[in-house]
Amino acid sequence: MIRVLLPPHLRTLAKVKDEVALEVAAPVTLGSVLDALEARYPVLRGTIRDHVTLQRRPFLRFFACEEDLSHEPPDTPLPDAVVSGKEPLIVLGAIAGG
Amino acid sequence: MSKVRVLVGTRKGAFILTSDGKRQQWEVSGPHFAGWEMYHLKGSPADPNRIYASQTSGWFGQMIQRSDDGGKTWEAPGGEKMPAPDGTPPPASNKFVYDTSPETGKPMTTHQFYDGKPHPWEFKRVWHLEPSLTEPDTVYAGVEDAALFRSTDGGKSWHEMAGLRGHGTGPKWQPGAGGMCLHTILLDPSDPKRIFIAISSAGAFRSDDAGKTWKPINQGLVSQYIPDPKAEVGHCVHRIALHRSRPNTLFMQKHWDVMRSDDAGDSWREVSGNLPTDFGFVIDVHAHEPETIYVVPIKSDSEHFPLEGKLRVYRSKTGGNEWEALTKGLPQKDCYVNVLRDAMAVDSLDACGVYFGTTGGQVYASADAGDTWSAIVRDLPGVLSVEVQTLP
Chain A
3 MIRVLLPPHL RTLAKVKDEV ALEVAAPVTL GSVLDALEAR YPVLRGTIRD HVTLQRRPFL
63 RFFACEEDLS HEPPDTPLPD AVVSGKEPLI VLGAIAGG
Chain B
18 MSKVRVLVGT RKGAFILTSD GKRQQWEVSG PHFAGWEMYH LKGSPADPNR IYASQTSGWF
78 GQMIQRSDDG GKTWEAPGGE KMPAPDGTPP PASNKFVYDT SPETGKPMTT HQFYDGKPHP
138 WEFKRVWHLE PSLTEPDTVY AGVEDAALFR STDGGKSWHE MAGLRGHGTG PKWQPGAGGM
198 CLHTILLDPS DPKRIFIAIS SAGAFRSDDA GKTWKPINQG LVSQYIPDPK AEVGHCVHRI
258 ALHRSRPNTL FMQKHWDVMR SDDAGDSWRE VSGNLPTDFG FVIDVHAHEP ETIYVVPIKS
318 DSEHFPLEGK LRVYRSKTGG NEWEALTKGL PQKDCYVNVL RDAMAVDSLD ACGVYFGTTG
378 GQVYASADAG DTWSAIVRDL PGVLSVEVQT LP
């Protein structure tokens with residue numbers, strides 16, 4: 003199972019309290035995990051990626067295993083530790099605003 | 018006994034204030050959608066328990082929320098549906114895509130940016146939701162960058178009414194200081210094909226064929242801050258209001274100037290009269306007296322607070338020109354809040370109730386048509402919008 007950690011507002015939207023666990027077929031990539039996340043929680047469509055361009059929203063970043071994956075293409079394979087479920091893919095909101 | 022439900026959108030959530038017809042004791046519910054900017058909430062005239070809400074965030078974009086029980090519970094329309102077995106994605110209530118089709122979109126590629134250069138249209142947020150007067154599942158959305166969208170399935174999916182951007186002047190539209198927003202949508206109760214809208218800072222527009230075609234209705238507006246003060250478009254209209262019994266009479270609070278039209282916007286004349294300043298954002302009409310109107314004068318476009326630190330609503334019982342200050346119960350010293358364009362509303366009780374919210378988080382109410390005021394709440398986040406439902 004792939005673990006995904008969402009920022010608090012998206013957890014509220016998706017009505018989940020903690021991490022999300024997703025089944026994702028190999029090869030597990032950034033894009034395939036986000037596809038699975040949005041299929042499981044349709045309310046999140048458009049909140050992480052633009053509906054049409056599928057570009058990451060500017061104030062969100064993707065991290066895994068202390069690596070910044072935000073600027074990687076969607077077909078980038080995720081680290082083995084994420085694929086095995088040892089580490090989560092983290093969707094992080096920028097610290098900005100008031 | 019009748020009840021009143023006040024829907025308040027703030028910078029950090031939505032609040033619902035309820036009272037009986039006396040409007041003396043209030044219950045406060047919220048924050049709903051805590052931490053999100055709630056630009057606007059509005060109930061369906063055809064089904065008062067149906068409420069639509071615009072929920073936005075610089076991080077996560079736009080959401081549309083809907084309640085079918087008067088605001089007790091909410092859902093993102095369509096958001097709970099899984100994809101269909103054939104893989105067809107379900108409709109997305111937060112998907113606002115500009116029409117670029119050759120048939121209806123025409124080449125609507127750019128508007129003007131602040132510097133006058135062409136700039137592509139980019140959806141940012143929904144400023145205003147206007148439910149149909151007769152169909153609970155039909156609702157209009159005014160968005161930034163300025164465009165009009167409509168949903169006919171209860172907010173599950175949205176389609177641009179592209180005739181507005183495509184009527185010809187769109188490439189000349191420019192954003193106001195708050196962004197290029199379509200903030201006012203008025204549905205004519207006597208003519209289902211007539212719609213009025215207003216854009217900052219393009220001006221006012223009217224459709225007489227249910228939104229297919231549009232024309233600017235800005236004749237008579239004079240704006241000294243644009244190259245041609247009497248231009249067809251480019252005026253920073255802040256708000257328009259009408260009385261349902263006389264929909265050909267429109268009242269406008271412009272960037273500067275309070276204006277009036279008696280021919281459905283074909284021509285305007287100034288009715289600022291003895292106002293201490295004619296800059297402001299809100300304007301509204303008494304529920305039972307079509308010539309009684311309300312504004313909240315703000316010092317200037319560079320100082321967005323009341324004159325002399327005195328929060329004063331001004332009322333005209335003559336459709337403009339002759340104004341009286343309403344101050345009883347409002348702070349008359351050291352008050353430097355603003356009242357934003359969607360933050361005033363009236364109920365339809367007798368006597369008419371008037372409500373407005375401030376950027377300082379107060380929501381003031383008058384149960385006697387403005388003669389006296391009191392704060393329902395004082396310490397909410399900055400108020401973006403106020404709407405009122407009068408319930409049986």
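Protein chains in written order, with this note's numbering: chain A, 3 to 100; chain B, 18 to 409. Backbone N, C-alpha and C fix where the C-beta goes; we use that ideal spot for every residue, glycine too.
| field | Exposure of residue 291/B, with buried meaning 16 or more beta-carbon neighbours within 10 Å | value | exposed
| message | Going by C-alpha to C-alpha distance, which of 26/B, 65/B, 109/B sits closest to residue 52/B? | response | Nearest of 26/B, 65/B, 109/B to residue 52/B, Cα basis: 26/B.
| How close, in whole Å, do the beta carbons of residue 54/B and residue 28/B come, if the pair is a contact with beta carbons under 8 Å? | 5 Å
| said: Which residues in chain A have a C-beta closer than 9 Å to the C-beta of residue 111/B? List them in chain order. | reply: 45, 47, 48, 49, 53
| How long is the line joining the alpha carbons of residue 204/B and residue 243/B, rounded to whole angstroms? | 29 Å
| Hey, is residue 96/A's beta-carbon within less than 9 Å of any beta-carbon in chain B? | yes
| message | I need the straight-line Cα distance from residue 71/A to residue 140/B, nearest angstrom please. | response | Residue 71/A and residue 140/B: Cα-Cα distance of roughly 26 Å.
| field | residue 90/A beta carbon less than 9 Å from that of residue 21/A | value | yes
| request: Return the bridge partner residues of residue 306/B from the DSSP annotation. | output: Residue pairing by DSSP places residue 306/B in no beta bridge whatsoever.
| query | When DSSP labels each residue in this structure, what does residue 96/A get in the three-state scheme? | reply | coil
| query | Rounded to a whole number of angstroms, what is the C-alpha to C-alpha distance between residue 73/A and residue 43/A? | reply | Between the C-alpha atoms of residue 73/A and residue 43/A there is a straight-line separation of about 24 Å.
| request: Going by DSSP, name the residue or residues bridged to residue 276/B. | output: 269/B, 287/B
| the region 53 to 84 of chain A: which residues have C-beta closer than 9 Å to a C-beta of chain B, in chain order? | 53, 54, 59, 60, 61, 62
| What residues in its chain sit with their C-beta under 8 Å from that of residue 18/A, if we drop five residues either side in the sequence? | Closer than 8 Å at the Cβ level, and outside the excluded window around residue 18/A, lie 8, 43.
| task | Would you mind working out which of 407/B, 62/B, 397/B sits nearest residue 46/B, comparing C-alpha positions? | result | 397/B
| task | Report the residue from 236/B, 271/B, 341/B whose alpha carbon sits nearest the alpha carbon of residue 309/B. | result | 341/B
| task | Run through the region 60 to 147 of chain B for me and flag every whole beta strand (DSSP E) of 3 or more residues, listed as ranges in chain order. | result | Listed in chain order, they are 68 to 74, 78 to 84, 127 to 129, 135 to 137.
| request: Taking residue 129/B as the reference, give the member of 225/B, 236/B, 217/B, 38/B with the closest Cα. | output: 217/B
| task | Quick one: measure Cβ to Cβ for residue 73/B and residue 143/B, integer angstroms, because I've assumed they're closer than 8 Å. | result | Contact between residue 73/B and residue 143/B holds, since their C-beta atoms are separated by about 7 Å, short of 8 Å.
| task | Would you check if the region 63 to 82 of chain B and the region 109 to 119 of chain B touch, i.e. whether three or more CB-CB distances between them fall below 8 Å? | result | Yes, since at least three Cβ pairs between the region 109 to 119 of chain B and the region 63 to 82 of chain B fall closer than 8 Å, the two stretches touch.
| request: Could you name the residues of chain B that residue 12/A contacts, counting a contact when the two beta carbons are closer than 7 Å? | output: 77
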